């Protein structure tokens, strides 16, 4: 187990654009602001959602799509570098009109109804993701 000590460089609060792809909006924002390490929190609602479940046996994602309006109960994630570029790793929990919760790894295909965010920039920590042979995931190189 490894870890690093970090300081907060900047904090952002804002809202992502209606009808845009949530993951693309996050990626564009952190790229434009050159956020190389940090954290993300989002609340709001989506018009439709696409998220994934990582199967630990096959080492592949199963994609789940919900073509309905849902509340974002919580979307949390971190930012690090992957292939030298800012990369968001975000998990999302959504609720349907009956309060049933669904969630997983946020994927492209999630359309925003409303999305308010807090993004914290930890500065130049250069936390890099590398392929992990044991899990099949891209994990922090600590």
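Residue numbers (this note's numbering): 500 to 641. Ideal Cβ placement from N, Cα and C applies to all residues, glycine included. This structure is a prediction, so every number in the text was calculated from the model and none was measured.
- Message: So, under 8 Å CB-CB, residue 549 and residue 608 are touching, yes? Tell me the CB distance rounded to an integer number of Å.
- Response: Contact between residue 549 and residue 608 holds, since their C-beta atoms are separated by about 3 Å, short of 8 Å.
- Does DSSP put residue 524 in a helix, a strand or coil? The answer is helix: DSSP assigns residue 524 an H, G or I state.
- Message: Would you call the stretch 591-607 in contact with the stretch 569-577, where contact means no fewer than 3 C-beta pairs closer than 8 Å?
- Response: Contact between the stretch 591-607 and the stretch 569-577 is present, because at least three Cβ pairs lie under 8 Å.
- Message: Could you tell me the alpha carbon to alpha carbon distance between residue 525 and residue 612, rounded to whole angstroms?
- Response: Residue 525 and residue 612: Cα-Cα distance of roughly 15 Å.
- Task: Drop a sphere of 10 angstroms on the beta-carbon of residue 552, count the other beta-carbons inside from all chains shown, and report buried for 16 or more, exposed for fewer.
- Result: Counting the other CB atoms within 10 Å of its CB gives residue 552 a total below 16, which places it among the exposed residues.
- Three-state secondary structure (DSSP) at residue 531? Here residue 531 carries a helix assignment [DSSP, helix/strand/coil].
- Message: For a test of the three-state rule: what should DSSP assign to residue 568, helix, strand or coil?
- Response: Three-state DSSP puts residue 568 in coil, outside helix and strand.
- Would you say residue 506 touches the ligand NAP, meaning its beta carbon is less than 7 Å from a heavy atom? With respect to the ligand NAP, the structure shown offers nothing to examine, as it has no ligands at all.
- Query: Which residues mark the beginning and the end of the beta strand (DSSP E) in which residue 630 is found?
  - Reply: It spans 627-630 - the beta strand (DSSP E) in which residue 630 sits, taken as one unbroken run.
- Message: Using a 10 Å radius around the Cβ and a threshold of 16 neighbouring Cβ atoms, would you call residue 631 buried or exposed?
- Response: Note on residue 631: under 16 other CB atoms within 10 angstroms of its CB, so exposed under the neighbour-count rule.
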